[in-house]
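One structure is given below, encoded as C-alpha cells.
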C-alpha cells in the first residue's frame, strides 16, 4: 500500500535540486528541437540519480528516455522543456521587463513541466528501492511540443511501445486532472509553383502562384459550410511570392492547420482540403507540392488513471502558498480584466458550487483541488500528449503555478513560472504523479481496467497522423 507521507517526504528531500533544474531550464529558454542546454540539464540530473539514458529518440537529438528498474509494470512520466519566442521576461516581476529584447521565454511553463515530472520519476525510483517494488519507471524527455510535435515522432518510432501507463502534468491556474479531450491537428504546407512575367506588359504569359493560394482560401471558406461544426481550418501565408505588384508571382506557400475532435476526422478532412488545393492549381495552371509538416492525435483521457491521479492530488494537497506568493500574485491578478479572470476559471464553474466558485474567483491563487469530471467535449487546443494517449493509457493533471486571469503564452507566465509560485505548483504536481505511479505499480487490476478502457476509446492501436515521409522540421 503506497505510503503517501513517505512519498511526499521523498519529493521534499530533493525538491531544492529539481527547483534548481527548473530554474536552469528557465534561464536558457530554447525553441522546439533546439533545446540542447535544457535537455542536457535534465539528462545530467537523471544520470546523477542512476537512470540509464538513451538519447536521439526518433532521430531527434533532444528526445531521450531515462529508465530505472526493469520489466513490468512499466510506467512513463512525460517531461517537456521547450520555450516560446519573443517572451523574455524577468522572473517575479509584474512589470514587463524583458531580460533580452525579443528573446525566448517559458510562456507555457515547460521549465517546470520537465523538472516536475523528473522529480516524480526520482521519487518513484527512491520508493521502489526502499520497498522492493518490481517494475520500471521511464522518464521521457519530449522536445518540440509547441512547434514540432515531438511526441508524435517518438510514438511513430515506437518509443512508447511496452509502456503500461503514462502520467504527465502542465502548469496552470487550477489544481485539477484533465477530463476533456483535445483537438487532433495536422499542419500542411501547400506550395504552388507558377511562371513569372511582367504583370502589365505580358500577364497572359505568367501563371500566378499567389492567385492559387488565394483561390485555395476561397475554396476552403466554402468548404467550411460542409464540414462538421467542431472542425477548424486556419491558415497563414508563409511565402507570398515577393513584394513587387508588377511581377506575376511564380512561387507562394500557405500553411494550413486542419483540426477536428478525432484524428480519423482530420485524416478524412485533409483529403478534402487537398482536393481544394489541387483545384486551385488547375484553375491557375500552376504546379502544387503538398508537404505535411507535423500532426498530432486528439488526447484521450483515461478515466481509470485520471480518477486515480485526482485522488492522489487530493491526498498530497495543492500547493501551499505563503504571504509573499499571494502578494506577488496579487500584482498580476489586479492587472487583469474581469473577462480575463472569468475566462481562466471557465472550466471551474461546472465543478464547484456557486459559493465555492465565488471564493475561488476572488483569490489571486488557487490552493483548492477540484474534483475529477469527465466531459465529452474537446478543448479548443491541441497537444502531442494525444499521441501518447493512443499508445498507452494516459492521465494529465494541472497545478496552480500562476495567478488567476493569467493568459497562456505570455510574459506574465514567464515571470511567474520562474518564481516561488511556480516552484510550489511544480512540487505539488511531482508528489501527486509519484503517488499515482506507485499506486499503479501496486495494483495490476487497476492497470488492466485502464488498458480495457484505452482499447475501447482508441481501438488499442496508434493512428499516426502524418505520412511516412514526414520528418521533424529542425529549421
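In my numbering, the protein residues as written are 32 to 506. The beta carbon of each residue, even a glycine, is placed where N, CA and C say it ideally should be.
Inset, instruction - Count the C-beta pairs between the segment 475-487 and the segment 61-72 that are closer than 8 Å, then say yes if the count reaches three, no if not. - result: no
Legend entry - Spatial neighbours of residue 173 in its chain, beta-carbon cut-off 6 Å, leaving aside the 5 residues before and after: Around residue 173, the same chain offers 109, 111, 181, 182 as residues with beta carbons nearer than 6 Å, after the five sequence neighbours per side are excluded.
Inset, instruction - For the alpha helix (DSSP H) containing residue 392, list its first residue and its last residue. - result: Bounds of the alpha helix (DSSP H) holding residue 392 are 385-392.
Legend entry - Coarse secondary structure for residue 422, derived from DSSP in three states: In the structure shown, residue 422 sits in coil (DSSP, three-state: anything other than H, G, I, E or B).
Legend entry - the segment 196-209 touching the segment 418-435, judged by at least three CB pairs closer than 8 Å: yes
Inset, instruction - Please report the residue range of the alpha helix (DSSP H) in which residue 52 lies. - result: For residue 52, the enclosing alpha helix (DSSP H) has its first and last residue at 46-58.
Legend entry - Buried versus exposed call for residue 435 [16 or more other C-beta atoms within 10 Å across all chains shown]: buried
Inset, instruction - Go through the segment 139-226 residue by residue and report every complete run of the alpha helix (DSSP H) that reaches 4 residues or more, in order. - result: Here the runs fully enclosed are 141-162, 181-187.
Inset, instruction - Determine, using beta carbons only, whether residue 146 and residue 40 come nearer to each other than 8 Å. - result: no
Inset, instruction - Rounded to whole angstroms, what's the CA-CA distance from residue 45 to residue 152? Just pull it up for me. - result: 12 Å
Legend entry - Three-state secondary structure (DSSP) of residue 280: coil
Legend entry - For residue 270, the first and last residue of its enclosing beta strand (DSSP E): 263-270
Legend entry - DSSP state of residue 447 mapped onto helix, strand, coil: Residue 447 falls in the helix class under three-state DSSP.
Inset, instruction - Consult DSSP for residue 401 and reduce its assignment to one of helix, strand or coil. - result: coil
Inset, instruction - For residue 252, name the three-state secondary structure that DSSP assigns. - result: helix
Inset, instruction - Name, in chain order, the residues that DSSP records as bridge partners for residue 348. - result: Partner(s): none; residue 348 has no beta bridge.
Inset, instruction - Examine the Cβ distances between the segment 316-323 and the segment 217-228 and report whether three or more of them are shorter than 8 Å. - result: Contact check between the segment 316-323 and the segment 217-228: three or more CB pairs, one atom from each, fall below 8 Å, which counts as touching.
Legend entry - With 16 other Cβ atoms within 10 Å as the buried cut-off, status of residue 269: Label assigned to residue 269: exposed.
Legend entry - Length-filtered (3 minimum) beta strand (DSSP E) runs lying within the segment 66-140: 83-86, 95-101, 105-111
Inset, instruction - Could you tell me the boundaries of the alpha helix (DSSP H) in which residue 298 lies? - result: 294-315
Legend entry - Residues that DSSP places opposite residue 338 in a beta bridge: Answer by DSSP bridge pairing: none, since residue 338 is not bridged.
Inset, instruction - Pick helix, strand or coil for residue 396, following the three-state DSSP scheme. - result: Note: residue 396 maps to coil in three-state DSSP.
Inset, instruction - Measure the Cβ-Cβ separation of residue 257 and residue 334 and say whether it is below 8 Å. - result: no
Legend entry - Secondary structure of residue 457, DSSP reduced to three states: helix
Inset, instruction - Going by CA-CA distance only, name the one from 231, 235, 216 that's closest to residue 225. - result: 235
Inset, instruction - Can you tell me which of 419, 237, 287, 227 puts its alpha carbon nearest to the alpha carbon of residue 251? - result: With distances taken between Cα atoms, residue 251 lies closest to 287.
Legend entry - Residues bridged to residue 471 [DSSP beta-bridge criterion]: According to DSSP, which records beta bridges pairwise, residue 471 is partnered with nothing at all.
Legend entry - Segment contact, 8 Å Cβ cut-off, at least three pairs: the segment 137-146 with the segment 81-89: no
Legend entry - beta-carbon residue 320 near the ligand FMN non-hydrogen atom, thresh 7 Å: Ligands displayed in this structure: none; no statement on the ligand FMN is therefore possible.
Inset, instruction - Using alpha carbons as the reference points, say which of 472, 506, 422, 188 lies closest to residue 493. - result: In terms of Cα proximity to residue 493, the closest of 472, 506, 422, 188 is 422.
Legend entry - Cβ contact (3+ pairs, closer than 8 Å) linking the segment 464-477 and the segment 284-301: no
Inset, instruction - Could you pull out every residue in the same chain whose Cβ sits closer than 7 Å to the Cβ of residue 313, ignoring the five residues on either side in sequence? - result: none
Inset, instruction - Return the chain-ordered list of same chain residues with a C-beta closer than 8 Å to the C-beta of residue 231, the five sequence neighbours on each side being excluded. - result: 277
Inset, instruction - From the DSSP output, in three-state form, read off residue 440 for me. - result: coil
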